[in-house]
Amino acid sequence: MSTSIPLAVKDRRLGYLLLAPTILILAAVVVYPLVYSLLLSFHNLNIDNPARGTVFTGLSNYIEVFVSQDWWQALVRTFYFVAADLLIGIPLGMGIALLLNRDLRLRGIVFAVILFPYVLAPIVNSLIWKLIYDPNYGLLNGLLLRFGLIKEYIPWLSNPTLSIVMLIIANLWQGTPFSVVLFLTGLKSIPQEEYEAAAIDGASRFASFRFITFPHLLPIVYMNVVMKTILTFKLFDIIYSLTGGGPAGSTQVVNMLIYKESFEYMKFGVAAAMSYILLILVLGLVVVYSRIFREET
Amino acid sequence: MKKRDRLFNFFVALLILIVLTSILLPLYWTLKVSVSPEREIHSLPMRWTVSALYVKNYQEIFLSTAKAVGTAFTFKMGIINSLIIGATSTILTVLFGSLGAYAITRLKVRFSQLMTFFVLLTQMLPPVLLVIPLYMMGNTLGMLNTKRLLALSYMALNLPLCIWILRGYFKTLPSEIEDSALVDGCGRLGALFKIVLPMSGPALFTAGLFVFIAAWNEFLFALVFTSNLDAKTMTVAMAEMIGRFRTDYGLMATSGILGSILPLIFVTFFQRYLVSGITGGAVKQ
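Top line first, the protein sequences correspond to chains A and B.
The working numbering numbers the first residue of the first sequence as 1 and each following residue consecutively.
The working numbering numbers the first residue of the second sequence as 1 and each following residue consecutively.
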């Protein structure tokens, strides 16, 4: 009888060894900070008053968040961005995918161009729109004036009502290609026979969209809704670099508020509480979506 | 009927043209500003073209030296730092990711479900949640303003997705070839490096592309962790330019173009891999 270790056990040991770097890195950079943040959210570091040191303050950070007007306003503004992504970005992405879902000349180049905004850094996206929205030398004012649509230059980003709309447009420009790719993949997986059968029955273009294409795309719509919500709740870069949350706080989304709370006001405990509330909110939304989706299908 | 079809095709072509224009026009404008002399940037009414190609902004960035630390030099160092951080995190993530994915698919490690959880977690987490404690850790360990901290962060954020992509690919490889290699006395590690990895080129490349683009484009961690030229990245240097009260538009546009070249090359030539990564990564949800 062999006394050596069975192969399966040996394999498993090697397996954990191979996973060790991943486990260590995730433990240090994801798990530990998550725990640290959770603890932080129940403490006050008293950075402004070091003599008092770190004090356990129970739920007071969370209470401070819930009574903070800034928090609720930032949350509502974040929802504007999410709503625009879901109600404009997803239908737009589906529309563009439907346009492209045919034998195109130069297909490779067209698809690459569609993906351009997706691969650019959000900071580059900011830079591009800064050049477009600039009140004096920007492309937008230049174009509108040339076509006689405005008489004088509009300061797009320094007007509190306009600035959020302008940021939403910039965000849609960058975010929509992702939806297009998802929808195109969905469209490719629809069996062609269904269209052929519909054509024999004399179905119109609209009817075959309504009864074949759309039902097949529903899971993709759901996937889009989930991913877009998650992504838009992370929105930070373009806000920070284009308006810094202004003018007059009109574009301050939650991530911008959390950033300021921590790195400008040094209220790390409150900021940690805010980030946890944000995480729970996103998780909650995803659960709600999956319930709705399951009932629909 | 035929006439109606032609009309329909015409409208489709028109709409596609509108979509392409709305994507390309902002990029063209940035490129145009980057090669315009200052008086043409500021000329009224706006001009569509440049009178002559003006490359002074590009020269200013490429030829800038440490002797005069200005916006141009900061950006140049940012590009260099971003390249180093991006390359390091890409190579290490793909290496550790391959080891991890192999362990999960072939070595019966009970980590598969936990890994799925980590994929979801790292995708869903608002990054601000990690940035605050990591900043404090970095401060305690004296790791702020180092490329290491950023590379390590990007590895952690991308490892789960990388393992996910590779695991999906490894599963499609027939295990018979590996088994015969094992019988021939080639150990598990030999099988991984001599058989599995050489067969996984496309998946390794896809994973690598994603990690590199994510690291190259990342902003929040870089903003919080770096404050000097030792580790300041391309995106942070660019944001400083955008945020200036008196912005040099020519130089700013040039930095935008320089920061976009790599991602645009990737998407033009390796579009297939990116799309498979997006959809492969999306299916997990």
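Every residue, glycine too, gets a C-beta built ideally from N, C-alpha and C.
Given that residue i touches chain B, what residues does it touch there, using C-beta distances under 7 Å?
i, result
"residue 241 of chain A", "239, 242, 243"
"residue 185 of chain A", "279"
I want to verify the contact list: residues of chain A whose CB lies under 8 Å from the CB of residue i, in sequence order.
i, result
"residue 271 of chain B", "108, 111, 112, 115"
"residue 170 of chain B", "Neighbours of residue 170 of chain B on chain A: none; closest Cβ ~12 Å, over 8 Å."
"residue 188 of chain B", "11, 14"
"residue 75 of chain B", "Near residue 75 of chain B there are no residues of chain A at all, since even the closest Cβ is about 12 Å away, more than 8 Å."
"residue 163 of chain B", "22"
Does residue i have its Cβ less than 7 Å from a Cβ in chain A?
i, result
"residue 153 of chain B", "yes"
"residue 284 of chain B", "Reliability of the predicted coordinates at residue 284 of chain B is poor, the pLDDT of 44 falling under 50, and the value obtained from them is presented with this limitation in mind. By this cut-off, residue 284 of chain B is not an interface position."
"residue 81 of chain B", "no"
"residue 20 of chain B", "yes"
"residue 91 of chain B", "no"
"residue 48 of chain B", "no"
"residue 11 of chain B", "no"
"residue 304 of chain B", "Outside the displayed range of chain B (1 to 285) lies residue 304 of chain B, so it cannot be described from this structure."
"residue 69 of chain B", "no"
"residue 108 of chain B", "yes"
"residue 78 of chain B", "no"
"residue 204 of chain B", "no"
"residue 260 of chain B", "yes"
"residue 3 of chain B", "no"
"residue 103 of chain B", "yes"
"residue 140 of chain B", "no"
"residue 156 of chain B", "yes"
"residue 133 of chain B", "yes"
"residue 225 of chain B", "no"
"residue 144 of chain B", "no"
"residue 233 of chain B", "no"
"residue 16 of chain B", "yes"
"residue 41 of chain B", "yes"
What residues of chain B sit near residue i, judged by a beta carbon separation below 9 Å?
i, result
"residue 278 of chain A", "126, 128, 129"
When the cut-off is 7 Å and only beta carbons count, does residue i lie next to chain B?
i, result
"residue 2 of chain A", "Confidence in residue 2 of chain A is poor, its pLDDT being 48 and thus under 50, which makes the residue's placement too unreliable to answer from."
"residue 230 of chain A", "yes"
"residue 21 of chain A", "yes"
"residue 68 of chain A", "no"
"residue 148 of chain A", "no"
"residue 151 of chain A", "no"
"residue 26 of chain A", "yes"
"residue 39 of chain A", "no"
"residue 237 of chain A", "yes"
"residue 189 of chain A", "no"
"residue 198 of chain A", "no"
"residue 206 of chain A", "no"
Using only CA atoms, which one of the options lies nearest to residue i?
i, options, result
"residue 75 of chain B", "B:253, B:254, B:237, B:252", "B:237"
"residue 261 of chain B", "A:294, A:224, A:235, A:119", "A:119"
"residue 225 of chain A", "A:256, A:244, A:188, A:94", "A:94"
"residue 121 of chain B", "A:124, A:196, A:136, A:31", "A:31"
"residue 32 of chain B", "A:28, A:147, A:139, A:216", "A:139"
"residue 112 of chain A", "B:53, B:167, B:23", "B:23"
"residue 18 of chain B", "A:100, A:205, A:158, A:206", "A:100"
"residue 77 of chain B", "B:244, B:189, B:246, B:235", "B:235"
"residue 9 of chain B", "A:243, A:265, A:205, A:296", "A:205"
"residue 281 of chain A", "B:30, B:124, B:99, B:111", "B:124"
"residue 276 of chain B", "B:186, B:182, B:169", "B:169"
"residue 133 of chain B", "A:176, A:296, A:266", "A:266"
Tell me whether the beta-carbon of residue i lies closer than 7 Å to the beta-carbon of residue j.
i, j, result
"residue 217 of chain B", "residue 121 of chain A", "yes"
"residue 232 of chain A", "residue 79 of chain A", "no"
"residue 14 of chain A", "residue 107 of chain B", "yes"
"residue 215 of chain B", "residue 166 of chain B", "no"
"residue 33 of chain A", "residue 130 of chain B", "yes"
"residue 74 of chain A", "residue 254 of chain A", "yes"
"residue 227 of chain B", "residue 155 of chain B", "no"
"residue 64 of chain A", "residue 221 of chain A", "no"
"residue 160 of chain A", "residue 247 of chain A", "yes"
Along chain B, in chain order, which residues have C-beta atoms closer than 8 Å to that of residue i?
i, result
"residue 132 of chain A", "26, 29"
I want to verify the contact list: residues of chain A whose CB lies under 9 Å from the CB of residue i, in sequence order.
i, result
"residue 54 of chain B", "In chain order: nothing, as chain A lies at least about 16 Å away."
"residue 253 of chain B", "127, 128, 131"
If the cut is a Cβ gap below 7 Å, which residues of chain A does residue i touch?
i, result
"residue 33 of chain B", "131"
Cβ pair count under 8 Å reaching 3, the stretch 79 to 99 of chain B against the stretch 209 to 227 of chain B:
Yes, since at least three Cβ pairs between the stretch 79 to 99 of chain B and the stretch 209 to 227 of chain B fall closer than 8 Å, the two stretches touch.
Does the count of Cβ pairs from the stretch 285 to 297 of chain A and the stretch 99 to 111 of chain A closer than 8 Å reach three?
Using a C-beta cut-off of 8 Å, the stretch 285 to 297 of chain A makes no contact with the stretch 99 to 111 of chain A, since fewer than three inter-stretch Cβ pairs fall below that distance.
Pair every Cβ in the stretch 46 to 59 of chain A with every Cβ in the stretch 138 to 154 of chain B, then say whether three or more of these pairs are closer than 8 Å.
In short, these stretches do not touch, since the Cβ pair count stays below three.
Tell me whether the stretch 144 to 160 of chain A and the stretch 209 to 227 of chain A touch, counting them as touching only if at least three CB pairs, one residue from each stretch, are closer than 8 Å.
No: the two stretches stay apart, fewer than three of their Cβ pairs being nearer than 8 Å.
Touching by the beta-carbon criterion (3+ pairs, under 8 Å), the stretch 129 to 145 of chain A and the stretch 36 to 50 of chain B:
Yes, the stretch 129 to 145 of chain A is in contact with the stretch 36 to 50 of chain B.
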